[in-house]
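In our numbering, the protein residues as written are 1 to 386.
Cβ atoms here follow ideal geometry from the backbone N, Cα and C, with glycine treated the same way.
Given the structure is predicted, the values throughout are model-derived calculations rather than measurements.
Structure record follows, encoded as structure tokens.
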Ligand SMILES: *Cc1c(COP(=O)(O)O)cnc(C)c1O
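Below you can see the structure in the form of structure tokens.
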């Protein structure tokens with residue numbers, strides 16, 4: 001099996017990793033910034049925002065927001081009010097949108113921190129408009145239209161009602177009209193064009209305002225999808241935005257776990273819970289300190305006859321064998337020199353050689369899920385280089 005060279009992988013220095021760290025997530029802020037710059041270039045004249053919901057896809061909201069701000073990113077979208085307040089605390093100038101929309105009675109919490117709800121219904125719009133009028137100034141917000149996801153946003157019938165009541169959109173500052181694509185990861189899916197057409201039709205019935213439709217994959221659907229602002233999330237972190245093409249983004253995360261113990265077992269030994277894997281030769285097994293409680297999905301387990309995921313000790317591939325358990329993974333280190341595969345050494349289980357998407361394709365899920373679940377007991381190291 002061909003693997004890319006390991007030369008890029010930063011070695012973990014004693015200075016950055018405490019002795020008691022059992023697993024380490026290295027987050028490369030230089031690669032993150034380079035990815036934003038790539039997306040920004042791809043977006044032409046549209047503004048490139050950053051979507052940092054779920055603690056910046058699990059990678060640390062404050063660190064990620066600060067790095068993107070330094071690269072020139074001025075607008076962030078998060079899911080929750082609490083997330084928006086965390087960014088506000090470190091970035092007084094950022095434009096911050098809350099995708100949850102307006103929680104009933106919470107308008108003052110948004111206004112107090114200069115946060116913009118993505119208003120998702122006529123009811124939310126009325127509440128924000130009334131609050132804004134009560135404050136005697138036009139507070140900003142986005143209006144979120146549903147063009148086919150059937151999730152959040154005003155459906156066409158509510159857009160018609162909004163168009164029939166123009167005073168509503170005059171009562172506050174509609175800074176953005178947005179919608180979200182359902183199938184952007186499949187560039188040839190007809191739903192992309194139909195959502196775009198509906199977005200244009202709906203917008204034409206409302207007061208003109210800056211518009212936004214594209215997530216990461218939408219950026220790569222081309223200029224027709226860029227409008228005034230694009231909203232990439234996963235691509236910032238090196239995740240695959242769409243299927244079937246090579247990924248133009250740089251890797252941002254590497255996950256390494258420490259070897260706790262190495263043992264030799266004879267041919268015929270079973271490994272792990274359920275005795276789901278049986279060694280077909282004498283095997284040297286390393287047990288490493290990472291498991292599904294750390295977000296390393298149990299579905300990544302290798303049972304007999306399935307092709308397993310592969311970690312690395314230095315340049316050496318080490319197949320995962322047996323079931324992933326709560327705190328531990330077992331890997332086959334038979335082919336690795338004993339001085340490399342020893343107690344305390346690191347096994348890279350996620351990085352440029354085994355990508356998030358490799359792992360999650362195997363587990364029947366998507367990179368987003370693995371990233372956002374990487375647990376808080378994993379020690380995090382932020383490095384500046386790409
Ligand atoms: C999550 C999200 C995005 C970012 O999506 P990616 O696929 O991660 O780029 C953009 N817009 C909305 C409304 C979202 O919920």
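Thinking just about the alpha-carbon of each residue, which of the options is nearest to the one in residue i?
{"i": "residue 70", "options": "176, 90 and 292", "result": "90"}
{"i": "residue 159", "options": "150, 167, 146 and 151", "result": "146"}
{"i": "residue 46", "options": "292, 119, 338 and 231", "result": "231"}
{"i": "residue 324", "options": "286, 345, 229 and 340", "result": "286"}
{"i": "residue 184", "options": "296, 298 and 241", "result": "241"}
{"i": "residue 471", "options": "122, 123, 88 and 121", "result": "Nothing about residue 471 can be reported from this structure: the residues present for the chain run from 1 to 386 only."}
{"i": "residue 142", "options": "78, 82, 189 and 186", "result": "78"}
{"i": "residue 86", "options": "251, 56, 201 and 35", "result": "56"}
{"i": "residue 40", "options": "73, 61, 157 and 206", "result": "73"}
{"i": "residue 376", "options": "295, 361 and 366", "result": "295"}
{"i": "residue 121", "options": "360, 99 and 26", "result": "99"}
{"i": "residue 234", "options": "347, 36, 311 and 138", "result": "36"}
{"i": "residue 215", "options": "94, 27 and 43", "result": "43"}
{"i": "residue 355", "options": "373, 247, 264 and 338", "result": "247"}
{"i": "residue 221", "options": "206, 82, 204 and 189", "result": "189"}
{"i": "residue 304", "options": "165, 116, 271 and 169", "result": "271"}
{"i": "residue 371", "options": "193, 288, 34 and 239", "result": "239"}
{"i": "residue 340", "options": "318, 358, 357 and 329", "result": "318"}
{"i": "residue 301", "options": "212, 154, 362 and 151", "result": "362"}
{"i": "residue 329", "options": "336, 165, 338 and 288", "result": "288"}
{"i": "residue 187", "options": "133, 82 and 245", "result": "245"}
In whole angstroms, what is the alpha-carbon distance linking residue i and residue j?
{"i": "residue 182", "j": "residue 19", "result": "45 Å"}
{"i": "residue 369", "j": "residue 171", "result": "39 Å"}
{"i": "residue 308", "j": "residue 279", "result": "13 Å"}
{"i": "residue 107", "j": "residue 135", "result": "11 Å"}
{"i": "residue 334", "j": "residue 283", "result": "6 Å"}
{"i": "residue 266", "j": "residue 257", "result": "25 Å"}
{"i": "residue 162", "j": "residue 217", "result": "30 Å"}
{"i": "residue 22", "j": "residue 80", "result": "31 Å"}
{"i": "residue 59", "j": "residue 384", "result": "14 Å"}
{"i": "residue 140", "j": "residue 61", "result": "23 Å"}
{"i": "residue 52", "j": "residue 96", "result": "10 Å"}
{"i": "residue 4", "j": "residue 353", "result": "Only weak support is given to the placement of residue 4: the predicted model assigns it a pLDDT of 41, under 50, and the value that follows is read from those uncertain coordinates. Straight-line Cα distance between these residues: approximately 6 Å."}
{"i": "residue 67", "j": "residue 365", "result": "28 Å"}
{"i": "residue 65", "j": "residue 237", "result": "12 Å"}
{"i": "residue 8", "j": "residue 331", "result": "At residue 8 the pLDDT is 41, less than 50, meaning the model places this residue with poor confidence; the figure from the coordinates comes in the next sentence. Near 23 Å, if we compare the C-alpha coordinates of residue 331 and residue 8."}
{"i": "residue 379", "j": "residue 25", "result": "6 Å"}
{"i": "residue 373", "j": "residue 205", "result": "41 Å"}
{"i": "residue 195", "j": "residue 224", "result": "12 Å"}
{"i": "residue 104", "j": "residue 92", "result": "25 Å"}
{"i": "residue 297", "j": "residue 129", "result": "44 Å"}
{"i": "residue 210", "j": "residue 202", "result": "13 Å"}
{"i": "residue 29", "j": "residue 63", "result": "8 Å"}
{"i": "residue 124", "j": "residue 138", "result": "15 Å"}
{"i": "residue 102", "j": "residue 192", "result": "27 Å"}
{"i": "residue 264", "j": "residue 358", "result": "28 Å"}
{"i": "residue 167", "j": "residue 290", "result": "56 Å"}
{"i": "residue 10", "j": "residue 227", "result": "Note on residue 10: pLDDT 47, under 50, position unreliable in the model; the coordinate value appears next. Those two C-alpha atoms are separated by around 39 Å."}
{"i": "residue 269", "j": "residue 27", "result": "37 Å"}
{"i": "residue 111", "j": "residue 152", "result": "21 Å"}
{"i": "residue 219", "j": "residue 208", "result": "22 Å"}
{"i": "residue 164", "j": "residue 116", "result": "24 Å"}
{"i": "residue 82", "j": "residue 33", "result": "24 Å"}
{"i": "residue 338", "j": "residue 306", "result": "27 Å"}
{"i": "residue 178", "j": "residue 213", "result": "6 Å"}
{"i": "residue 336", "j": "residue 315", "result": "9 Å"}
{"i": "residue 133", "j": "residue 126", "result": "11 Å"}
{"i": "residue 200", "j": "residue 259", "result": "55 Å"}
{"i": "residue 1", "j": "residue 281", "result": "Here the model assigns residue 1 a pLDDT of 33, short of 50, so the residue's position is not dependable, and the following value carries that caveat. Their backbone Cα atoms lie some 20 Å apart in a straight line."}
Would the beta-carbon of residue i fall within 8 Å of that of residue j?
{"i": "residue 349", "j": "residue 198", "result": "no"}
{"i": "residue 144", "j": "residue 118", "result": "yes"}
{"i": "residue 393", "j": "residue 262", "result": "An answer regarding residue 393 cannot be provided, because it is not within the stretch 1 to 386 covered by the chain."}
{"i": "residue 250", "j": "residue 31", "result": "yes"}
{"i": "residue 360", "j": "residue 367", "result": "yes"}
{"i": "residue 381", "j": "residue 17", "result": "yes"}
{"i": "residue 75", "j": "residue 54", "result": "no"}
{"i": "residue 299", "j": "residue 327", "result": "no"}
{"i": "residue 176", "j": "residue 229", "result": "yes"}
{"i": "residue 273", "j": "residue 321", "result": "no"}
{"i": "residue 113", "j": "residue 84", "result": "yes"}
{"i": "residue 345", "j": "residue 310", "result": "no"}
{"i": "residue 149", "j": "residue 180", "result": "yes"}
With respect to 7 Å, is the separation between the Cβ of residue i and the closest non-hydrogen atom of ligand 2 below this value?
{"i": "residue 382", "result": "As presented, the structure is devoid of ligand 2, carrying ligand 1 as its sole ligands."}
- prompt: Which whole runs of the alpha helix (DSSP H) in the region 127-194 are 4 residues long or more, in chain order?
  reply: Listed in chain order, the complete alpha helix (DSSP H) runs (minimum 4 residues) inside the region 127-194 are 156-163 and 167-170.
query: In chain order, what are the residues with a CB under 5 Å from some non-hydrogen atom of ligand 1?
result: Listed along the chain, these residues meet the criterion: 51, 180, 215, 216, 231, 232, 233 and 234.
message: Ignoring anything shorter than 3 residues, give me the beta strand (DSSP E) runs that lie fully in the region 326-381, in order along the chain.
response: Segments of the beta strand (DSSP E) lying fully in the region 326-381: 329-332 and 346-350.
message: For a minimum of 3 consecutive residues, which ranges assigned as the beta strand (DSSP E) are wholly contained in the region 270-312?
response: The region 270-312 contains these whole beta strand (DSSP E) runs: 283-288.
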